[in-house]
Amino acid sequence: MAHVVSSVSAQICTLMIDLDSRGCGQRMGRFVLPPGDPCTCTGVRLGGHYHRYAPEMQGQDPPLYMDMLPEVTAEVIGGWFNCTESKLEESTLRATETAPELTPTVHPWSTPVASTPTATILVASTIPEPSMLPADCQGILDAGQNTSGVYTIQHKRQNMQVYCRMESGKGYTVFQRRLDGSVSFNRTWQEYAEGFGNLTGEFWLGNQKLRSLTRNGGRELVITLRAFSGEEAHIRYKYFHVFAPEYTYTLIVDGFSEESGDAGDSLGRQTFKRFSTRDKDHDNDRENCAEKFHGGWWLDGCGSDISDWFQSNLNGLYYNNATVDDYMGIQWVTWKGKQVSLKGCEMMTRSKW
Ligand SMILES: [Ca+2]
Numbered sequence: 001m002a003h004v005v006s007s008v009s010a011q012i013c014t015l016m017i018d019l020d021s022r023g024c025g026q027r028m029g030r031f032v033l034p035p036g037d038p039c040t041c042t043g044v045r046l047g048g049h050y051h052r053y054a055p056e057m058q059g060q061d062p063p064l065y066m067d068m069l070p071e072v073t074a075e076v077i078g079g080w081f082n083c084t085e086s087k088l089e090e091s092t093l094r095a096t097e098t099a100p101e102l103t104p105t106v107h108p109w110s111t112p113v114a115s116t117p118t119a120t121i122l123v124a125s126t127i128p129e130p131s132m133l134p135a136d137c138q139g140i141l142d143a144g145q146n147t148s149g150v151y152t153i154q155h156k157r158q159n160m161q162v163y164c165r166m167e168s169g170k171g172y173t174v175f176q177r178r179l180d181g182s183v184s185f186n187r188t189w190q191e192y193a194e195g196f197g198n199l200t201g202e203f204w205l206g207n208q209k210l211r212s213l214t215r216n217g218g219r220e221l222v223i224t225l226r227a228f229s230g231e232e233a234h235i236r237y238k239y240f241h242v243f244a245p246e247y248t249y250t251l252i253v254d255g256f257s258e259e260s261g262d263a264g265d266s267l268g269r270q271t272f273k274r275f276s277t278r279d280k281d282h283d284n285d286r287e288n289c290a291e292k293f294h295g296g297w298w299l300d301g302c303g304s305d306i307s308d309w310f311q312s313n314l315n316g317l318y319y320n321n322a323t324v325d326d327y328m329g330i331q332w333v334t335w336k337g338k339q340v341s342l343k344g345c346e347m348m349t350r351s352k353w
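Residue numbers are given in full-length UniProt numbering: position 234 of the sequence shown equals residue 234, and the series is strictly consecutive.
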């Protein structure tokens with residue numbers, strides 16, 4: 001590790017929001033940045049006033065919900081615009097060379113907004129040794145490992161062991177698996193936060209890692225469901241995001257599609273639902289649904305109240321046969337109804353960028 005003190009230039013971009021009709025004008029917005037190269041943002045500040053400018057996104061257009069705004073960072077914006085690290089470095093260098101007379105590029109179709117302050121600051125930084133570890137399972141695949149299995153990745157400077165499923169030329173990080181009931185999913189908030197089980201068997205990777213992996217908002221979620229009848233179904237959500245612990249690991253999924261089978265969308269209704277465990281009841285039911293169902297999940301109601309909105313629980317109690325009382329097993333209601341528990345399932349995620 002080498003410690004250096006260097007002079008760098010910081011460009012703080014002001015992020016504003018503009019209601020988007022896709023979100024019924026309520027909770028969904030479009031990001032609004034000042035004109036200029038978004039890859040030069042080294043910091044983000046929320047605020048300002050309504051403004052029309054919203055830059056093009058190279059074909060990507062992830063939903064931005066109001067609740068996500070506190071989590072938007074320069075790194076997130078970099079993900080939206082496919083800014084490579086080298087591009088960020090080049091941008092920073094360019095800004096340093098021209099500071100303090102830097103004039104932001106103004107796109108002809110936009111109206112200039114409040115200035116994007118450029119300040120030269122002294123930063124004591126630690127330059128990490130070059131890492132040989134890919135940042136995710138796609139990186140593992142790109143490095144030539146095309147066999148599914150347990151690998152070590154380095155995500156957000158944190159080494160973590162994950163199970164990578166290599167499928168159709170894509171590398172997915174598996175974060176949940178049910179096979180045979182050998183691992184109890186009736187766990188505490190802390191256990192769900194840290195993860196439990198065996199990566200080659202049944203496990204929950206952990207809400208902290210899940211939050212870290214989905215942080216840039218550009219993740220897809222793929223779910224495999226297996227029934228006791230031998231049927232299998234594959235489901236995909238184009239967008240997948242899990243909020244920070246202070247937002248109780250709230251779930252966002254959007255962009256449902258069926259890859260195979262006819263399982264239907266049983267998770268979409270749970271978007272914006274908070275995570276609950278037997279010792280942290282964040283559902284909207286008078287009962288403690290996670291306690292009742294013996295597992296933590298993004299729960300709303302327990303099925304016995306008027307708030308009977310939930311249709312899936314893949315962390316429920318494992319049964320060795322299909323028929324259960326309403327919602328008491330591993331459920332995907334739009335596929336098998338509320339009285340059928342599944343034999344197994346797997347949930348995995350992958351960055352789209
Ligand atoms: Ca409750």
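No residue lacks a Cβ here, since even glycine has one placed at the ideal position from N, Cα and C.
Heavy atom of ligand 1 within 6 Å of residue i beta-carbon
i	result
residue 285	yes
residue 281	yes
residue 313	no
residue 320	no
residue 288	yes
Burial state of residue i (16 or more Cβ within 10 Å)
i	result
residue 144	exposed
residue 190	exposed
residue 50	Here residue 50 scores only 41 on pLDDT, less than 50, and its place in the model should not be relied on; the value that follows carries that caveat. Label assigned to residue 50: exposed.
residue 349	buried
residue 178	buried
residue 150	exposed
residue 215	buried
residue 91	With a pLDDT of only 45 at residue 91, under 50, the local geometry of the prediction cannot be trusted, and the value read off the model is given with reservation. Buried: at least 16 other Cβ atoms inside 10 Å.
residue 303	buried
residue 173	buried
residue 138	buried
residue 132	exposed
residue 195	buried
residue 347	buried
For residue j and residue i, the rounded distance between their alpha carbons
i	j	result
residue 331	residue 340	7 Å
residue 166	residue 141	7 Å
residue 388	residue 219	The chain is shown from 1 up to 353; residue 388 falls before or after that span and cannot be answered.
residue 271	residue 310	10 Å
residue 40	residue 76	13 Å
residue 394	residue 244	Examination of residue 394 is not possible in this model, given that the chain is present from 1 through 353 alone.
residue 325	residue 13	53 Å
residue 224	residue 298	18 Å
residue 261	residue 232	7 Å
residue 367	residue 274	Residue 367 cannot be examined here, being either before or after the span of the chain that is shown, 1 to 353.
residue 296	residue 228	23 Å
residue 147	residue 163	11 Å
residue 176	residue 44	33 Å
residue 187	residue 38	42 Å
residue 237	residue 251	12 Å
residue 168	residue 279	40 Å
residue 354	residue 318	What the structure shows of the chain is the stretch from 1 to 353, and residue 354 is not part of that stretch, so it cannot be assessed.
residue 83	residue 158	21 Å
residue 351	residue 239	10 Å
residue 314	residue 221	14 Å
residue 130	residue 241	Confidence in residue 130 is poor, its pLDDT being 49 and thus under 50, which makes the residue's placement unreliable; the coordinate value appears in the next sentence. Computed Cα separation, rounded: 29 Å.
residue 293	residue 181	14 Å
residue 316	residue 329	5 Å
residue 78	residue 199	31 Å
residue 263	residue 230	14 Å
residue 210	residue 185	17 Å
residue 204	residue 320	20 Å
residue 72	residue 337	38 Å
Own chain partners of residue i with C-beta closer than 6 Å, once the 5 adjacent residues on each side are dropped
i	result
residue 183	197, 202
residue 266	311, 312, 332, 333, 334
residue 354	This structure gives no information on residue 354, because the portion of the chain shown stretches from 1 to 353.
residue 288	281
residue 372	Residue 372 lies beyond the residue range present for the chain, which begins at 1 and ends at 353; the question has no answer from this structure.
Cut-off 7 Å between Cβ atoms - residues of its own chain near residue i, not counting five sequence neighbours on either side
i	result
residue 307	Legend: pLDDT at residue 307 = 48, less than 50; position of this residue unreliable, value from coordinates given subsequently. Answer for residue 307: 284, 285, 300, 301, listed in chain order.
residue 268	253, 256
residue 389	Past the boundaries of the shown model lies residue 389; the chain is included only from 1 to 353, so the question cannot be answered.
residue 226	232, 342, 343, 344, 345
residue 282	248, 274, 275, 276
residue 258	235
Close beta carbons around residue i, own chain, < 8 Å, minus the five adjacent residues each side
i	result
residue 323	339, 340, 341
Any chain D beta carbon closer than 7 Å to residue i
i	result
residue 324	Chain labels in this structure do not include chain D; a single protein chain is all it has.
Cβ-heavy atom distance, residue i to ligand 2, below 6 Å
i	result
residue 235	As far as ligands go, the structure on display features ligand 1 and does not contain ligand 2.
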